[in-house]
Every structure is written in C-alpha cells, then in structure tokens.
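Read through the structure below, which is laid out as structure tokens, and then see the notes.
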Amino acid sequence: MLRSDLLLTHYDPTLPIVVTTDTANHGIGTVISANFSDRSERAIMHASRTFTSVEKNYDQIEKEALSILFAVKKFHKLLYGFHFTLVTDYKPLMSIFGSKGIPAYSASRLQR
Numbered sequence: 001m002l003r004s005d006l007l008l009t010h011y012d013p014t015l016p017i018v019v020t021t022d023t024a025n026h027g028i029g030t031v032i033s034a035n036f037s038d039r040s041e042r043a044i045m046h047a048s049r050t051f052t053s054v055e056k057n058y059d060q061i062e063k064e065a066l067s068i069l070f071a072v073k074k075f076h077k078l079l080y081g082f083h084f085t086l087v088t089d090y091k092p093l094m095s096i097f098g099s100k101g102i103p104a105y106s107a108s109r110l111q112r
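Under full-length UniProt numbering, read the sequence shown as residues 1 to 112, first letter to last.
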C-alpha cells in the first residue's frame with residue numbers, strides 16, 4: 001500500500017488557490033493547489049503536455065507564457081471568478097503579467 005502526503009485534495013473554493021507552472025525543453029507542467037490554515041499547500045490537480053513541433057521553436061519567454069495560458073485554460077472551471085496566486089520561476093514574465101501592466105501595442109499579441 002502506498003503511503004504519502006503527496007495525495008490530491010478536494011477543491012474548496014473558500015481556501016486560497018495557487019497555480020504553479022513550469023516549462024521544460026519538451027513540454028509544460030502545471031499544478032493547482034490549495035493553501036491550508038496550517039501553512040501547508042496540497043495539490044488539487046496536475047496537468048502537463050508536450051510542445052507541438054511549432055511550439056518547440058518558440059522563444060523561452062513565449063514558452064513560459066504559453067505554460068501560464070495552458071494552466072488557466074486547463075483549470076478554468078476552478079479559477080473563474082476567484083482570485084488566485086500564480087507562481088512561475090521565470091522572472092521576465094513579471095514585465096508582462098506584473099502590476100505595471102503592458103504597453104497597448106503588446107496587448108494584441110497576448111490575446112492570441
């Protein structure tokens with residue numbers, strides 16, 4: 001019998017939600033988790049996929065942004081209408097998704 005505290009937990013909309021994304025050479029990984037009052041974080045759902053042949057040619061910042069879009073689309077039913085924390089290890093994305101916003105000419109590129 002397997003014993004581990006890496007088990008998935010049930011979704012509770014009253015708990016703070018965290019979405020973590022990461023990009024590797026060949027694909028995307030993401031997890032949605034809940035923060036509990038004892039300061040523990042437990043996974044609700046995991047998702048991953050490989051890059052298409054076209055996506056493999058993207059620049060790193062485009063791959064990282066794609067991982068965020070993948071996560072938000074994948075977990076849409078759990079995230080829609082709720083505030084959540086997004087965690088990524090790629091700092092240049094802060095200029096795009098940070099509090100300062102983006103220039104108007106860049107906004108149309110992100111809508112695709």
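Think of the CB as a built atom: it goes at the ideal place given N, C-alpha and C, for glycine as much as any other residue.
Note that this is a predicted model, so its numbers are computed, not measured.
At the level of alpha carbons, what is the spacing between residue i and residue j?
i           : j   : result
P16         : D89 : 20 Å
residue 191 : G81 : As shown, the chain starts at 1 and ends at 112. That puts residue 191 outside it, with no answer to give.
L69         : L86 : 11 Å
A71         : D12 : 18 Å
H26         : L7  : 26 Å
N35         : G29 : 19 Å
M1          : Q60 : Because the pLDDT of M1 is 44, which lies under 50, any placement of that residue in the model is unreliable, and the number read from its coordinates should be weighed accordingly. If I take the Cα positions, the gap works out to 41 Å.
L66         : S37 : 31 Å
H76         : T52 : 22 Å
Just reading off the beta strand (DSSP E) that residue i is part of, what are its end residues?
i   : result
V72 : Taken as a continuous stretch (DSSP letters only), V72 belongs to no beta strand (DSSP E), being part of the alpha helix (DSSP H) at Q60 to K74.
F82 : No beta strand (DSSP E) holds F82; DSSP gives it neither H nor E.
N35 : G27 to N35
A24 : Unbroken run through A24: none, as it is neither H nor E.
Which whole-angstrom value is the C-beta distance of residue i and residue j, which I expect to be below 8 Å?
i   : j   : result
I33 : R39 : One detail in the question is off: residue 33 reads as Ser in this sequence, not Ile. Not a contact, Cβ separation roughly 13 Å.
T20 : V31 : 5 Å
Mind checking whether residue i and residue j have CB atoms under 7 Å apart?
i   : j   : result
K73 : A47 : no
I44 : T14 : no
Within the present structure, is the beta-carbon of residue i separated from the nearest heavy atom of the ligand GTP by less than 6 Å?
i   : result
K77 : No copy of the ligand GTP occurs in the structure displayed, which carries no ligand at all.
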